[in-house]
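Report on one structure; see the data block that follows.
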Amino acid sequence: MSGEGEEPQAIRKLAPGKLVIASHNAGKVREIAALLEGRGLDVVSAGALDLPEPEETGTTFVMNAELKARAAADLSGLPALADDSGLCVDALGGDPGIFSARWGGDAKDFGHAMRLVEDKLQQAGPDASRDAHFVCALALAWPDGHVEWFEGRVDGTLVWPPRGDKGHGYDPVFRPNGDDRTFGEIDEAEKNAISHRGDAFRQMVAAVF
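Be aware that the sequence shown starts at 0, since it is given in numbering that gives the first Met the number 0, and climbs by one per residue.
Laid out in structure tokens, this is it:
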């Protein structure tokens, strides 16, 4: 897919070489690097390049992913891949959504963020749905301004208290449909096979490699 607001274009292929992961989140960078393994890419994070984190002013996951990818590609002169992902809770009207990281405050404390989600669910009452889904939007940008984007999703249920010490973010409270374990209890390779990020990456790999 081409970037938002652009005329549809043929999918551009990604050549082997250096690729910037436009993130300062070590857990996310590690997960993305694992998904790209064996593709002939020399992966480097925006954090390792000391690139600033742009302000996420978009109103959708795709817009924020594209904003981050474009910024990293412009500053590095290299192709850049950005991910914008978050947890959407049905009973909270889709919150925290694009603000998922920001619910953790300046320190990005996801323990606090998970507690905040649970507190709001409790306030919604005993009959409130605990259905939720994760969304992952990927944007792949080149220094000349061309962008391709892809979006993945996984549905599940929220549990409390948090379980497991794997993954990152809201993983310990999210139990994907069809499994008794939370993402925090599932090994990375197994999680990647069913996750929102894995879904988006499969689309990207099929398109650009």
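Backbone N, C-alpha and C fix where the C-beta goes; we use that ideal spot for every residue, glycine too. Quantities reported herein were computed from a predicted structural model and do not represent experimental measurements.
Item, Value
"Simplified DSSP state of residue 6, which is helix, strand or coil", "Interpretation of residue 6 is limited by its pLDDT of 41, a score under 50 that renders its predicted location unreliable; the figure taken from the coordinates is listed afterwards. Three-state DSSP puts residue 6 in coil, outside helix and strand."
"Straight-line Cα distance separating residue 92 from residue 123", "11 Å"
"Bridge-paired residues (DSSP) for residue 174", "156"
"Span separating the alpha-carbon of residue 2 from that of residue 149", "Low per-residue confidence applies at residue 2: pLDDT is 47, beneath 50, and the placement is therefore not dependable enough to give any value."
"Nearest-angstrom beta carbon gap, residue 35 and residue 142 [assumed within contact, 8 Å]", "No, residue 142 and residue 35 are not in contact; Cβ-Cβ is about 19 Å, not under 8 Å."
"Residue of 187, 156 and 115 minimising C-alpha distance to residue 177", "156"
"Rounded Cβ spacing between residue 80 and residue 139 (contact assumed at less than 8 Å)", "5 Å"
"Bridge partner(s) assigned by DSSP for residue 14", "The partner list for residue 14 (beta bridge, DSSP) is empty, contrary to what the question assumes."
"Residue 47 classed as buried or exposed, judged by whether at least 16 other C-beta atoms fall within 10 angstroms", "exposed"
"Complete runs of the beta strand (DSSP E) confined to the stretch 78-103 [at least 3 residues]", "79-88"
"Buried or exposed by the 16-neighbour rule on C-beta atoms within 10 Å, applied to residue 175", "buried"
"Three-way DSSP call (helix, strand, coil) for residue 74 in this model", "helix"
"Cβ contact check for the stretch 196-206 and the stretch 178-187: 3 or more pairs under 8 Å", "no"
"DSSP three-state assignment for residue 120, whether helix, strand or coil", "helix"
"In chain order, each beta strand (DSSP E) run of at least 3 residues that lies wholly inside the stretch 13-45", "16-20 and 40-44"
"At least 3 beta-carbon pairs within less than 8 Å: the stretch 155-170 vs the stretch 127-137", "yes"
"Option in 64, 41 and 58 with minimal Cα separation from residue 21", "64"
"Cβ contact check for the stretch 112-128 and the stretch 51-71: 3 or more pairs under 8 Å", "no"
"Pair within 9 Å by beta-carbon distance, residue 10 and residue 147", "yes"
"Contact belief for residue 90 with residue 120 at Cβ below 8 Å, rounded distance in angstroms", "6 Å"
"Cut-off 8 Å between Cβ atoms - residues of its own chain near residue 282, not counting five sequence neighbours on either side", "Only positions 0 to 208 of the chain appear in this structure, which leaves residue 282 out of reach."
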